[in-house]
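Numbering (this note's numbering), first residue to last: 651 to 819. Note that CB positions come from ideal geometry on N, CA and C, so glycine has one too. Here's the structure, in structure tokens; my notes come after.
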């Protein structure tokens, strides 16, 4: 296993990408899971899937099948090149590799701030009304989130990252 590995999870619009970018700016090794790892697949087997079965809700199905390749996550976590690696993004198969992480942080934000953020992201999940309903439902139920240290992301991105880093000691 790597020296230290941290998972930063959260629903759409909670700030995962912004936190990842700020961590990179500060010189930390970051894996943008939604950009470099994620694909649509079976959360149990990892098998890539072409799309939803006939009659399934496309949006709900795609969200439930957004996963990371377990072998690749394990390989990155085993790399001791960096003193710390932050995996940032959402994955519906996190239970397959949660044991790799020294700490798990779950980003959260109030609904008003979440809606404002989603309004400002026209090409991202949660802007479309049907996607927005799903994002808000998942935000309320916390479905698809691991147990971890809750981090309120309503403040500035630097203050959110400061809060995360303060909890590493």
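In DSSP terms, what residue i is bridged to
i           : result
residue 799 : 755
residue 690 : 716
residue 774 : Looking at the DSSP assignment, residue 774 forms no beta bridge with any residue, so it has no partner.
residue 594 : Any property of residue 594 remains undetermined from this structure, which presents the chain solely from 651 to 819.
residue 681 : 737
residue 725 : DSSP, once it has assigned bridges, lists no residue as partnering residue 725.
residue 698 : 691
7 Å Cβ cutoff met for residue i and residue j
i           : j           : result
residue 655 : residue 751 : yes
residue 688 : residue 716 : yes
residue 709 : residue 784 : yes
residue 777 : residue 786 : no
residue 691 : residue 697 : yes
residue 775 : residue 662 : yes
residue 679 : residue 730 : no
residue 759 : residue 806 : no
residue 753 : residue 720 : no
residue 659 : residue 756 : yes
residue 686 : residue 737 : no
Unbroken alpha helix (DSSP H) run spanning residue i, endpoints
i           : result
residue 789 : 779-791
residue 812 : 807-816
residue 765 : 761-769
residue 819 : Element bounds for residue 819: n/a, residue is neither H nor E.
residue 662 : First-last for residue 662: undefined, no H or E at that position.
Whole-Å CB distance - residue i paired with residue j, under 8 Å assumed
i           : j           : result
residue 811 : residue 673 : 6 Å
residue 742 : residue 714 : 6 Å
residue 739 : residue 683 : 3 Å
residue 814 : residue 733 : At roughly 15 Å, the Cβ-Cβ gap does not stay under 8 Å, so residue 814 and residue 733 are not in contact.
residue 789 : residue 764 : 6 Å
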